[in-house]
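**Student:** Sequence order for the protein chains is A and B. Heads up: the first sequence at position 104 corresponds to 104 in UniProt numbering, and the numbers run straight through without jumps. Heads up: the second sequence at position 160 corresponds to 160 in UniProt numbering, and the numbers run straight through without jumps. Even glycine gets a Cβ: it sits at the ideal position worked out from N, Cα and C. Source: prediction; values computed, not measured.
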Amino acid sequence: MDLHFGDSKPTDEERSAVDALLGPPESSWEGADRSDADLRWARGGREARDRRDLLLPGLHAVNDRIGWISEGALDYLCRRLTVPPAEAYGVATFYAMFSVRPRPATVLHVCTDLACAAAGAPRLCAGIEARLGPGSGVSVERSPCLGLCERAPAALAIKAGDPVRTAVSAPATVEEAVLAANSPGSAPEEPPAALAVPQAGQDGLMLLHRVGVVDPSSLDDYRAHGGYTALRRAFELGPAGVIREVTDSGLVGRGGAAFPTGRKWQATASQPDRPHHLVCNADESEPGTFKDRVLMEGDPYALVEAMTVAGYATGAHKGYLYLRGEYPRALHLLEHAITQARARGLLGDDVLGQGYAFDIEIRRGAGAYICGEETALFNSIEGYRGEPRSKPPFPVEKGLFGKPTVENNVETLVNVLPILTMGAPAYAEIGTGRSTGPKLFCVSGSVERPGVYEVPFGATLGEVLALAGVREGLRAVLLGGAAGGFVRPDELDVPLTFEGTREAGTTLGSGVVMAFDDGVPLPRLLLRIAEFFRDESCGQCVPCRVGTVRQEEALHRIVERTGADAADDIALLREVGRAMRDASICGLGQTAWNAVESAIDRLGAYE
Amino acid sequence: MTVTPLGIPRRMLEFTLDGEEARVPEGSTILDACRAAGKDIPTLCEGDTLRPKNACRLCVVEVEGARTLVPACSRKAEPGMEVRTDTERARHSRKVVLELLASSVDLSTTPEVAGWLKEYEAKPDRFGPDAARLNEEPRVDDELYVRDYDKCILCYKCVDACGDQWQNSFAISVAGRGFDARIAVEHDAPLTDSACVYCGNCIEVCPTGALSFKSEFDMRAAGTWDEARQTETTTVCAYCGVGCNLTLHVQDNEIVKVTSPHDNPVTHGNLCIKGRFGYQHVQNRD
Numbered sequence: 001m002d003l004h005f006g007d008s009k010p011t012d013e014e015r016s017a018v019d020a021l022l023g024p025p026e027s028s029w030e031g032a033d034r035s036d037a038d039l040r041w042a043r044g045g046r047e048a049r050d051r052r053d054l055l056l057p058g059l060h061a062v063n064d065r066i067g068w069i070s071e072g073a074l075d076y077l078c079r080r081l082t083v084p085p086a087e088a089y090g091v092a093t094f095y096a097m098f099s100v101r102p103r104p105a106t107v108l109h110v111c112t113d114l115a116c117a118a119a120g121a122p123r124l125c126a127g128i129e130a131r132l133g134p135g136s137g138v139s140v141e142r143s144p145c146l147g148l149c150e151r152a153p154a155a156l157a158i159k160a161g162d163p164v165r166t167a168v169s170a171p172a173t174v175e176e177a178v179l180a181a182n183s184p185g186s187a188p189e190e191p192p193a194a195l196a197v198p199q200a201g202q203d204g205l206m207l208l209h210r211v212g213v214v215d216p217s218s219l220d221d222y223r224a225h226g227g228y229t230a231l232r233r234a235f236e237l238g239p240a241g242v243i244r245e246v247t248d249s250g251l252v253g254r255g256g257a258a259f260p261t262g263r264k265w266q267a268t269a270s271q272p273d274r275p276h277h278l279v280c281n282a283d284e285s286e287p288g289t290f291k292d293r294v295l296m297e298g299d300p301y302a303l304v305e306a307m308t309v310a311g312y313a314t315g316a317h318k319g320y321l322y323l324r325g326e327y328p329r330a331l332h333l334l335e336h337a338i339t340q341a342r343a344r345g346l347l348g349d350d351v352l353g354q355g356y357a358f359d360i361e362i363r364r365g366a367g368a369y370i371c372g373e374e375t376a377l378f379n380s381i382e383g384y385r386g387e388p389r390s391k392p393p394f395p396v397e398k399g400l401f402g403k404p405t406v407e408n409n410v411e412t413l414v415n416v417l418p419i420l421t422m423g424a425p426a427y428a429e430i431g432t433g434r435s436t437g438p439k440l441f442c443v444s445g446s447v448e449r450p451g452v453y454e455v456p457f458g459a460t461l462g463e464v465l466a467l468a469g470v471r472e473g474l475r476a477v478l479l480g481g482a483a484g485g486f487v488r489p490d491e492l493d494v495p496l497t498f499e500g501t502r503e504a505g506t507t508l509g510s511g512v513v514m515a516f517d518d519g520v521p522l523p524r525l526l527l528r529i530a531e532f533f534r535d536e537s538c539g540q541c542v543p544c545r546v547g548t549v550r551q552e553e554a555l556h557r558i559v560e561r562t563g564a565d566a567a568d569d570i571a572l573l574r575e576v577g578r579a580m581r582d583a584s585i586c587g588l589g590q591t592a593w594n595a596v597e598s599a600i601d602r603l604g605a606y607e
Numbered sequence: 001m002t003v004t005p006l007g008i009p010r011r012m013l014e015f016t017l018d019g020e021e022a023r024v025p026e027g028s029t030i031l032d033a034c035r036a037a038g039k040d041i042p043t044l045c046e047g048d049t050l051r052p053k054n055a056c057r058l059c060v061v062e063v064e065g066a067r068t069l070v071p072a073c074s075r076k077a078e079p080g081m082e083v084r085t086d087t088e089r090a091r092h093s094r095k096v097v098l099e100l101l102a103s104s105v106d107l108s109t110t111p112e113v114a115g116w117l118k119e120y121e122a123k124p125d126r127f128g129p130d131a132a133r134l135n136e137e138p139r140v141d142d143e144l145y146v147r148d149y150d151k152c153i154l155c156y157k158c159v160d161a162c163g164d165q166w167q168n169s170f171a172i173s174v175a176g177r178g179f180d181a182r183i184a185v186e187h188d189a190p191l192t193d194s195a196c197v198y199c200g201n202c203i204e205v206c207p208t209g210a211l212s213f214k215s216e217f218d219m220r221a222a223g224t225w226d227e228a229r230q231t232e233t234t235t236v237c238a239y240c241g242v243g244c245n246l247t248l249h250v251q252d253n254e255i256v257k258v259t260s261p262h263d264n265p266v267t268h269g270n271l272c273i274k275g276r277f278g279y280q281h282v283q284n285r286d
């Protein structure tokens with residue numbers, strides 16, 4: 001590889017941000033002063049190239065310190081890692097949270113997605129923009145779902161510097177959001193995660209039973225509330241025993257695809273190729289979804305323990321926790337939890353004195369919904385554009401860094417703890433035959449008590465809505481998120497199980513239950529969904545890249561039309577949607593049309 | 001015609017292609033098998049010298065048991081697989097993909113597309129006059145080649161040819177995301193400020209004419225480009241001892257562009273800046 005770097009130089013600040021991550025450069029080949037040794041041999045090369053996966057952390061380092069990524073900073077980072085500048089530019093421009101153009105140090109992300117839009121985000125945006133015009137030192141950006149739907153509308157301020165400061169304002173008023181942007185350091189603290197769990201402290205909870213009960217920053221408190229009994233049990237059972245328990249429990253993935261977890265673990269564990277990797281998908285970006293955030297903020301050690309169990313069972317010694325960039329509080333709590341666990345021998349070379357080595361590294365996403373797709377997530381960690389790979393080969397065979405990888409989302413992993421402590425048979429008795437265990441639902445929109453609810457599989461949609469106190473005049477419920485589907489108010493008896501929703505022609509998806517009353521303009525909502533997918537398409541394959549644009553155009557044309565006036569465009573939507581579902585590379589393109597289609601077919605959106 | 005090495009013998013596998021038994025060597029793709037059986041499957045991003053990117057999704061076929069359609073160019077044939085290439089479902093996707101492409105970019109210099117549009121009854125203009133298009137001006141940074149991204153279908157072939165698959169210059173990449181994704185050099189700079197070494201291998205693999213020789217671009221603009229009047233002569237490059245083959249495209253006794261045969265076992269269609277562009281002295285008649 002014969003790399004060409006331009007002559008743009010980093011500023012001292014940019015250089016120091018990169019060096020803080022990578023250490024000082026050793027040779028002039030990677031940006032240090034020239035020494036005698038540089039005339040004899042070149043450093044960098046393969047050794048540096050093997051650290052390609054530090055590209056995304058490097059971009060974060062610069063963006064966190066300066067607020068944007070200049071040519072000089074990008075080239076310097078490329079020198080340090082022997083990454084071609086064109087590729088790094090392609091990566092930097094892929095993520096919404098990065099900018100390669102100058103911008104103010106403070107960025108205020110104002111959520112304009114489904115729940116927030118229904119809660120007045122457009123007014124909030126206009127108010128904020130009126131107050132924080134040009135010259136205010138704040139760049140106001142409209143953001144897809146920030147995962148704060150229970151406190152809609154929401155805003156997230158990020159002020160670059162050393163250290164970077166963040167502040168969340170939700171529910172946001174113009175004054176509070178402006179305050180958060182102007183001085184994130186002194187903005188009022190967020191309410192505890194338990195406020196997002198109306199059931200907090202109730203008996204019978206399995207996944208949420210510690211949220212609001214334990215101090216999320218105290219390992220001792222976690223242990224006092226049953227923490228680390230599952231890992232001890234795992235060591236008693238041995239890796240094969242753990243996989244047997246998980247298989248017998250009937251646990252299936254909670255990320256939306258509902259694949260049997262035990263089978264996935266078994267397939268990875270039995271691969272001869274080494275090393276094996278574990279990836280926790282905490283890139284929760286589905287509009288309307290916030291359960292993983294609440295779990296991570298309310299009970300972070302549970303995830304650390306669950307990842308350790310999963311790593312042990314599948315023969316992985318390294319776990320990557322891919323956390324979405326919009327969750328600063330979850331990041332801090334998990335960083336703290338991992339450090340504490342390491343200090344106490346619960347992570348590291350010899351976990352619990354059992355001779356098993358395991359450690360967890362957090363990788364931050366940077367604003368890309370597509371990175372929740374499992375193979376796109378691998379590319380993102382490896383320092384490439386977050387584009388999905390085509391399958392086969394499947395991750396259990398060739399995943400992260402081309403090695404056998406098991407990837408589970410946060411909720412799936414946290415389910416492993418009760419499976420081990422109560423035993424597979426007891427766990428399998430919860431729920432229904434094919435959908436076992438407890439399930440988390442993110443209820444938001446037109447309800448009295450929005451939040452995360454835990455119910456055993458089999459509860460009906462109406463029962464979950466009743467828990468949250470649905471308001472008068474229910475018009476529709478979005479089930480499963482933007483990639484899910486709408487159901488009518490007369491369909492509330494649909495059982496919330498994988499098989500029950502499938503029979504009803506809809507999906508559980510990521511566990512979103514978003515209620516809309518008749519005050520919500522449905523066509524506008526559908527337009528927002530289409531806009532979301534157009535924004536979030538990676539652009540790799542034609543059906544998704546162009547199809548999402550054509551669909552959004554058609555929905556724009558019919559936003560005020562019904563009946564015969566809309567018929568042609570609805571026919572067009574159907575044709576494009578069918579091709580997207582059939583021919584797109586990944587789930588994003590394949591499901592982008594689901595919600596709109598269901599609104600047309602089940603709600604009669606344009607009749 | 002050059003001699004193509006046969007490679008090590010491979011076992012044959014059997015599967016069903018449109019209801020008929022097909023026998024192909026292990027490792028063949030469905031597209032290989034289709035071509036061996038004389039079936040014409042449209043594809044734009046597949047390249048004979050590059051690993052399939054399967055980004056255009058034009059070659060999709062139906063595989064029994066698969067939830068979605070499958071790209072024939074990259075999916076390997078498996079024993080017992082049942083593949084149907086010409087179903088209503090596959091044809092529908094190809095039609096829509098052609099419409100989506102033709103409505104967003106200029107395919108006027110993409111060979112075979114006009115025929116496919118007709119065959120699949122694709123109507124690219126049904127998305128209306130306001131359908132988003134790229135609408136970019138050609139970028140002319142130098143005397144060797146032109147980047148006309150209004151014709152770019154993002155097949156990734158130039159990225160792969162410039163990167164680890166052939167040239168190892170890594171001068172081009174995809175930047176941005178979604179409909180705004182574009183082929184770009186670092187910092188979206190002019191080509192002359194980039195890591196480009198002007199080998200022209202990206203032009204060699206470009207399926208749509210988004211990357212072209214300046215000579216061809218100028219002649220097209222002047223209305224003098226006429227492939228019917230061109231002859232092609234393959235010869236050996238005289239610059240060094242590697243032995244690359246050059247195909248000289250000659251119109252009116254002038255070399256108008258230089259390509260290289262893809263079946264050459266040494267270079268597989270790749271050249272360097274001298275072989276590709278250094279022909280002016282041949283026709284210097286002063």
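#1: Among B:Q251, B:C73, B:G47, which one has its Cα closest to the Cα of B:T208?
#2: Given a cut-off of 7 Å on the beta-carbon distance, is the pair A:S446 and A:F516 in contact?
#3: Any residues in the stretch 571-583 of chain A with a beta carbon nearer than 9 Å to a beta carbon of chain B? Which ones, in chain order?
#4: Going along the chain, which unbroken runs of the alpha helix (DSSP H) with 4 or more residues stay wholly within the stretch 293-347 of chain A?
#5: Output the distance between the C-alpha atoms of B:D141 and B:G176, rounded to the nearest integer angstrom.
#6: Please check the pair A:T501 and A:L492, which I expect to be a contact at CB under 8 Å, by giving their CB distance rounded to whole angstroms.
#7: Less than 7 Å between CB atoms is the rule here; does B:H187 satisfy it with respect to chain A?
#8: In terms of residue numbering, what span does the alpha helix (DSSP H) encompassing B:D193 cover?
#9: Applying a beta-carbon distance threshold of less than 8 Å, which residues of chain A neighbour B:N270?
#10: A:G547 CB to nearest chain B CB: under 7 Å?
#11: On the DSSP letters alone, give me the boundaries of the beta strand (DSSP E) that A:Q271 sits inside.
#12: At 8 Å on the CB atoms, spell out the chain A contacts of B:T231, in chain order.
#13: Could you compute how far the alpha carbon of A:G519 sits from the alpha carbon of A:P24?
#14: If the cut is a Cβ gap below 8 Å, which residues of chain B does A:Q590 touch?
#15: Can you name, in chain order, every residue of its own chain whose Cβ lies under 6 Å from the Cβ of B:M1, other than the five neighbours on each side?
#16: Tell me whether A:V213 sits in a helix, a strand or coil according to DSSP, three-state version.
#17: For A:G539, collect the residues of the same chain with a Cβ closer than 7 Å to its Cβ; drop the 5 residues on either side in sequence, then sort them by chain order.
#18: Shorter than 7 Å from the beta carbon of B:V97 to some beta carbon of chain A?
#19: Going by Cα to Cα distance, which pick from B:T16, B:R229, B:R139, B:H268 is closest to B:V205?
#20: Using DSSP's beta-bridge definition, name the partner residues of A:M514.
#21: Let's test the definition: count the other Cβ atoms within 10 Å of the Cβ of A:W29 and tell me whether it reaches 16, buried, or not, exposed.
#22: What runs of the alpha helix (DSSP H), each 4 residues or longer, lie entirely inside the stretch 143-202 of chain A?
#23: Run through DSSP, which three-state label would B:C237 get?
#24: Could you say if the stretch 60-80 of chain B and the stretch 115-123 of chain B meet the contact criterion of at least three C-beta pairs nearer than 8 Å?
#25: Using the beta-carbon of each residue, which ones in chain B are nearer than 7 Å to A:T375?
#26: Our contact map puts B:V159 next to B:V146 with C-beta atoms below 8 Å; I'd like the distance itself, whole angstroms only.
#27: I'd like to know if A:A86 contacts chain B, where contact means its C-beta is closer than 7 Å to some C-beta of that chain.
#28: Closer than 7 Å, CB to CB, is B:N135 near chain A or not?
#29: Could you tell me the alpha carbon to alpha carbon distance between A:P239 and A:A343, rounded to whole angstroms?
#30: Per DSSP, B:D180 is paired with what?
#31: In the DSSP output, which residue or residues are listed as bridge partners for B:S173?
#32: For residue 634 of chain A and B:V197, I'd like the C-alpha separation in whole angstroms.
#33: Less than 7 Å between C-beta atoms, sequence neighbours within five positions excluded: which residues of the same chain meet that for B:Y149?
#34: Is the beta carbon of A:R557 closer than 7 Å to that of A:F486?
#35: So, with DSSP's three-state summary, where would you put A:I243?
#36: Which residues in the same chain as A:D283 place their Cβ atom closer than 6 Å to its Cβ, once the five residues preceding and following it in sequence are excluded?
**Tutor:** According to the data block:
#1: B:G47
#2: yes
#3: L572, E575, V576, R578, A579, M580, R581, D582, A583
#4: 300-314, 328-343
#5: 21 Å
#6: Contact doesn't hold; Cβ gap of about 13 Å is too wide.
#7: yes
#8: Note, B:D193: premise wrong, no alpha helix (DSSP H); not H, not E.
#9: By Cβ distance, chain A contributes nothing, its closest Cβ being about 15 Å from B:N270, past 8 Å.
#10: yes
#11: Unbroken run through A:Q271: none, as it is neither H nor E.
#12: The contacting residues do not exist; B:T231 stays about 36 Å from chain A at best.
#13: 58 Å
#14: T68
#15: With a pLDDT of 43 at B:M1, under the threshold of 50, the predicted position of this residue should be treated as unreliable, though the coordinate-derived value follows. Excluding residues within five positions, none has a Cβ falling inside 6 Å.
#16: coil
#17: R545
#18: yes
#19: B:H268
#20: A:S444, A:L478
#21: buried
#22: 174-182
#23: coil
#24: no
#25: Neighbours of A:T375 on chain B: none; closest Cβ ~13 Å, over 7 Å.
#26: Not quite, the Cβ-Cβ distance comes to about 18 Å (not below 8 Å), so this is no contact.
#27: yes
#28: no
#29: 24 Å
#30: Answer is none; B:D180 lacks a bridge partner.
#31: B:A184
#32: Outside the modelled stretch of chain A, which goes from 1 to 607, sits residue 634 of chain A, for which no answer is possible.
#33: L134, E136, R182, I183, A210
#34: no
#35: helix
#36: Y322, R324, G365, C371, G372
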